[in-house]
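Numbering (the working numbering), first residue to last: 877 to 1057.
Okay, structure coming up:
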């Protein structure tokens, strides 16, 4: 499932740049714990796995994926990774409701997620799902405030935010809340 490639990349980075912070964006590895253990054993600082959307839209947006499995990946990473920072991302503008966004944020927190990115879904091609709506910057600000109040240690939220958006700053914010540099 590709886990060994992720692990090898982390190992190679660590051998050349021992003080570099490494963040990985991983798939769900079909829920295989051994694959996740292999990745975690290489010692990334941040493990990112994006839930992408609300459960109701999973069949349309992420066919073949499972919202529950994505939460399990994040939960297992937090349990198995020694002090690992976990991160996830959510795209807005696919037709989700506010109550569904709030539920996803709550689910991610309960899975041990430290950081979250919220960005605008943009249709990459005519073959992909159309944008249901463009979310106003004020609404992204509202979700950032809400996520921080809920307990996320770091939040990036805005129309152009993607998984790696200001990754260094989000890492530092999580470290500050843990009292680590």
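Glycine included, each C-beta is placed from N, C-alpha and C at the ideal position. Nothing here was measured: the structure is a model prediction, and the numbers come from that model.
Helix or strand or just coil, what does DSSP make of residue i?
{"i": "residue 992", "result": "strand"}
{"i": "residue 935", "result": "helix"}
{"i": "residue 961", "result": "strand"}
{"i": "residue 880", "result": "helix"}
{"i": "residue 941", "result": "coil"}
{"i": "residue 987", "result": "coil"}
{"i": "residue 970", "result": "coil"}
{"i": "residue 1040", "result": "coil"}
{"i": "residue 1001", "result": "coil"}
{"i": "residue 1031", "result": "strand"}
Taking all protein chains shown into account, decide if residue i is buried (16 or more other Cβ within 10 angstroms of its Cβ) or exposed.
{"i": "residue 1002", "result": "exposed"}
{"i": "residue 893", "result": "exposed"}
{"i": "residue 981", "result": "buried"}
{"i": "residue 957", "result": "buried"}
{"i": "residue 1025", "result": "exposed"}
{"i": "residue 1011", "result": "buried"}
{"i": "residue 963", "result": "buried"}
{"i": "residue 929", "result": "buried"}
{"i": "residue 1023", "result": "buried"}
Measure the beta-carbon distance from residue i to residue j and round it to whole angstroms, keeping in mind my assumption that it falls under 8 Å.
{"i": "residue 983", "j": "residue 949", "result": "Incorrect: roughly 13 Å between the Cβ atoms, too far for contact."}
{"i": "residue 922", "j": "residue 883", "result": "About 15 Å; that fails the 8 Å criterion."}
{"i": "residue 997", "j": "residue 970", "result": "5 Å"}
{"i": "residue 918", "j": "residue 886", "result": "4 Å"}
{"i": "residue 945", "j": "residue 907", "result": "5 Å"}
{"i": "residue 924", "j": "residue 900", "result": "6 Å"}
{"i": "residue 909", "j": "residue 1005", "result": "Residue 909 to residue 1005, Cβ: 31 Å. No contact."}
{"i": "residue 1016", "j": "residue 897", "result": "That pair is no contact at about 26 Å."}
Among the residues of its own chain, which have a CB less than 8 Å from the CB of residue i, if the five just before and after it don't count?
{"i": "residue 1038", "result": "965, 993 and 995"}
{"i": "residue 1049", "result": "991, 1029 and 1030"}
For residue i, which residues of its own chain have a beta-carbon under 7 Å away from its beta-carbon, when the five flanking residues on both sides are left out?
{"i": "residue 931", "result": "943"}
{"i": "residue 1019", "result": "977, 994 and 1033"}
{"i": "residue 951", "result": "987 and 988"}
Looking at the C-beta of residue i, does it have a partner C-beta in chain D at a distance below 9 Å?
{"i": "residue 978", "result": "Of the chains in the structure shown, none is chain D; there is only one protein chain."}
Below 6 Å CB to CB, which residues in the same chain sit around residue i once its five sequence neighbours on both sides are set aside?
{"i": "residue 1040", "result": "none"}
{"i": "residue 986", "result": "none"}
{"i": "residue 934", "result": "943"}
Is there at least one non-hydrogen atom of the ligand PLP closer than 8 Å to the beta-carbon of residue i?
{"i": "residue 967", "result": "Ligands in the displayed structure: none, and consequently the ligand PLP is not present."}
**Asked** Which runs of the alpha helix (DSSP H), 4 residues or longer, sit entirely within the stretch 885-930?
**Response** DSSP assignment within the stretch 885-930 yields the following whole alpha helix (DSSP H) runs of 4 residues or more, N-terminal first: 909-917.
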